[in-house]
Every structure is written in structure tokens, then in C-alpha cells.
Amino acid sequence: MFGGVATLNLDSKGRLAIPARHRELLSAHCAGKLVITVEPAGCLLVYPEPDWIPVRDKLNQLSGAQVAIRRVIVGHAEEIEMDGAGRVLIPPRLRQIAGLDKEVALVGMGNKFELWDDVKWAAQTASVLAIDPTELAQQMQGIVL
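What follows is the structure, encoded as C-alpha cells:
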């Protein structure tokens, strides 16, 4: 469903304007109702509400050492809603955890988005592009592009 990278700015209140190309789909798919949570890699995950529910249910089945992961991801999950202008308020605590200040990268990941600090996203991208081509080919074996 969602793809591409959009470099955006959070406004002074911590709101993010969802790119126009995604607004219509989000309105149709989930009436603008989203769930945002922490991703241990250092970004935030933004799910349309219907797509979050099965993920939450799988996370809630984790036990043992994996309970800590469940606690962080499910525990920080917050429902947010697009306003009439297509903006969402990123909760202050989640902005702080992900280190989001002004410039952010909204990365389409199929059924969800990742929301990164733009500098962290650039570093993440550069680290993947710097992988030795032979090693990269091995890691991508079986993946059809």
C-alpha cells in the first residue's frame, strides 16, 4: 500500500502533515485513524488502525524474554487521528524516544510507515548502501526486485 520516502517538517506543536498521496488511501482504509508506537530500531511505527490490530494481537502472545519487547511496543502504542488538514499530532513522549525534532522522514513500508529523524534515516540509508556488493548480494539472495 504505502511506499516512498517523504522528507517533512514537524510544526511547532509536533504535528506532521501526511503527504497528499497517502491521505485519500488512509481516509478510505481507516477513516484517518492511526496507531503510532515505538520501534526498537530508533524510529516510530505508524499503522492504519485495522492493520495494527493483528500486529498487537501477535505481540500480546509473546512470553518469556520477549515480554520486554511487547511491553515497549504495545505499551507505547497510541491512537492518533488525522485532522481535516491531513495532519497528525505525534505525542511528545514518542517524539522524544525517537529523537524527532523538526525534519523527519516518513518511509512507506507496505502496510505501515516508519517515522525517522531525517539525519538518522540518512545514516541508516548510507550504512546499507556502503555494504560490500558481494555481501549485499548474499543478503538479498532469493529476493526478487
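In the working numbering, the protein residues as written are 44 to 188.
C-beta atoms are modelled at their ideal positions from N, C-alpha and C, and glycine is treated no differently.
Using DSSP with H/G/I as helix, E/B as strand and the rest coil, what is residue i?
{"i": "Leu-68", "result": "helix"}
{"i": "Gly-142", "result": "coil"}
{"i": "Leu-172", "result": "helix"}
{"i": "Lys-56", "result": "coil"}
{"i": "Leu-137", "result": "helix"}
{"i": "Ile-123", "result": "strand"}
{"i": "Ile-96", "result": "helix"}
{"i": "Ala-148", "result": "strand"}
Alpha carbon to alpha carbon, how far is residue j from residue i? Give it in angstroms, no decimals.
{"i": "Leu-88", "j": "Gln-184", "result": "27 Å"}
{"i": "Ala-148", "j": "Ser-55", "result": "17 Å"}
{"i": "Arg-114", "j": "Gln-139", "result": "18 Å"}
{"i": "Lys-101", "j": "Ile-123", "result": "21 Å"}
{"i": "Ala-120", "j": "Thr-80", "result": "4 Å"}
{"i": "Met-85", "j": "Ala-128", "result": "According to the sequence provided, residue 85 is Gly. The question's Met does not apply to it. Those two C-alpha atoms are separated by around 28 Å."}
{"i": "Glu-92", "j": "Val-162", "result": "28 Å"}
{"i": "Ala-111", "j": "Arg-99", "result": "14 Å"}
{"i": "Trp-95", "j": "Ala-108", "result": "22 Å"}
Going by DSSP, which residues form a beta bridge with residue i?
{"i": "Trp-164", "result": "According to DSSP, Trp-164 bridges with nothing at all."}
{"i": "Gly-153", "result": "Phe-45"}
{"i": "Thr-177", "result": "Paired residues: none, contrary to the question."}
So, for residue i: in the same chain, excluding its five sequence neighbours on each side, which residues have a beta-carbon less than 6 Å away from its beta-carbon?
{"i": "Val-48", "result": "Ala-148, Val-150"}
{"i": "Pro-62", "result": "Ala-49"}
{"i": "Trp-159", "result": "Cys-86, Ala-148"}
{"i": "Tyr-90", "result": "Val-78, Lys-155"}
Once you ignore the five residues that flank residue i on each side, which residues in its own chain have a CB closer than 7 Å to its CB?
{"i": "Glu-146", "result": "Thr-50, Asn-52, Asp-161"}
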